[in-house]
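For reference, the structure is listed below as structure tokens.
In the working numbering, the protein residues as written are 8 to 246.
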């Protein structure tokens, strides 16, 4: 009877395993779907909030309004990485990095907004005279030819460098405040680029999005429909 009992237990265990594994698979699948939707909804919400903030910032830069405060009372994420001290522990060998404080503060972002506001007339002049153009990632690009006056070139280069530095500070502060600075930064840049394009004056230069998906979105927008022959990456005059 002993051999029979062992066989019976083995069969019972196999049946139990066959019954439980699909259930475990279903549970895992359900968890992944729920997690995906939560993440997707969070991203959509962030994009809407960033668009609103981009509109506020770019309106402020071009107006006499007081500066919008960066971040309000929301906590600011300041997570970066640096190597842990040498150690023979398993933890130290597997996880070689630890969180440290390294981020743009709201105060730095506010200072950058004020600096942009102070030079806004210079930027507007450079855009109108086609010395610079707005690229597709929210930064200025020099458009002067190689034969332009060296003094003018140096002045425009300095203007672009200062403006882009302040824009980067603003974008980084927003991305870090949303909790995922490195991955969200490019999205913030693209959202600001779209807002800046829409606020340009007629005749000022901007670059159409270079990537295919971004260009499709631009082409279907009210501004993009004014350029039926445009291609990704083209420099265009605002109509």
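Backbone N, C-alpha and C define an ideal beta-carbon position, used for all residues, glycine too.
Is it true that the region 145 to 162 meets the region 233 to 240, where meeting means three or more beta-carbon pairs spaced less than 8 Å apart?
Not touching, per the Cβ criterion.
Note down the Cα distance separating residue 220 from residue 191, rounded to an integer number of angstroms.
The alpha-carbon atoms of residue 220 and residue 191 are separated by roughly 17 Å.
Shortest alpha-carbon distance to residue 172 belongs to which of 140, 66 and 118?
Checking every option, the nearest Cα to that of residue 172 belongs to 118.
Roughly how many angstroms separate the alpha carbons of residue 132 and residue 206, rounded to a whole number?
Taking the straight line joining both Cα atoms gives about 14 Å.
With a threshold of 16 other CB atoms inside 10 Å of the CB of residue 140, please say whether the residue is buried or exposed.
With 16 or more Cβ atoms within 10 Å of its Cβ, residue 140 is classed as buried.
Exposure label - residue 229; buried when at least 16 CB within 10 Å:
A residue is called buried once 16 or more other Cβ atoms fall within 10 Å of its Cβ, and residue 229, having fewer, is exposed.
Give me, in chain order, the residues of the same chain whose beta-carbon lies closer than 6 Å to that of residue 148; leave out the 5 immediate sequence neighbours on both sides.
The beta carbon of residue 148 sits closer than 6 Å to the beta carbons of 140 and 142 from its chain, once the five residues preceding and following it are set aside; these are given in chain order.
How big is the Cα-Cα spacing for residue 226 and residue 238?
Rounded to whole angstroms, the gap between the alpha carbons of residue 226 and residue 238 is 9 Å.
Tell me whether residue 163 is buried or exposed, calling it buried when 16 or more other Cβ atoms sit within 10 Å of its Cβ.
Flag for residue 163 reads buried.
Using only alpha-carbon positions, find the residue among 201, 245, 210 and 151 that is nearest to residue 59.
Residue 59 has its Cα closest to that of 201, out of 201, 245, 210 and 151.
Under the rule that 16 or more other beta-carbon atoms within 10 Å means buried, what is residue 174, buried or exposed?
The residue in question, residue 174, is buried, as its Cβ has 16 or more Cβ neighbours within 10 Å.
Apply the 10 Å Cβ neighbour rule to residue 61 and answer buried if 16 or more other Cβ atoms are within range, or exposed otherwise.
The C-beta of residue 61 has 16 or more other C-beta atoms within 10 Å across all chains shown, which makes the residue buried.
Closest by C-alpha distance to residue 169, when choosing among 125, 196, 197 and 70
Checking every option, the nearest Cα to that of residue 169 belongs to 125.
7 Å CB neighbourhood of residue 116 in its chain, flanking five on each side removed:
Around residue 116: 77, 176, 177 and 180.
Member of 114, 113, 121 and 54 whose CA lies at the smallest distance from the CA of residue 66
The shortest C-alpha separation from residue 66 is found at 121.
Could you please give the first and the last residue of the uninterrupted alpha helix (DSSP H) stretch that includes residue 167?
Element bounds for residue 167: 157 to 184.
Whose CA, out of 245, 55 and 193, lies closest to the CA of residue 211?
Of the candidates 245, 55 and 193, 245 places its Cα closest to the Cα of residue 211.
Which of helix, strand or coil does DSSP assign to residue 149?
Correct three-state label for residue 149: strand.
Since residue 199 sits in a beta bridge, which residues does DSSP pair it with?
Partner(s): none; residue 199 has no beta bridge.
Please state whether the Cβ-Cβ distance between residue 54 and residue 199 is less than 9 Å.
Here residue 54 is not near residue 199, since their CB atoms are 9 Å or more apart.
Selected residue, minimal CA-CA separation from residue 129, among 215, 68 and 240:
The residue with the shortest Cα to Cα distance from residue 129 is 68.
Beta-carbon spacing of residue 224, residue 57 below 9 Å:
For the 9 Å CB-CB criterion, residue 224 and residue 57 do not form a contact.
Could you give the residue range of the beta strand (DSSP E) that holds residue 139?
Residues 139 to 141.
Go ahead and pull the three-state DSSP assignment for residue 212.
Secondary structure of residue 212 (DSSP, three-state): strand.
State the beta-bridge partners of residue 132 as determined by DSSP.
None, per the DSSP bridge assignment.
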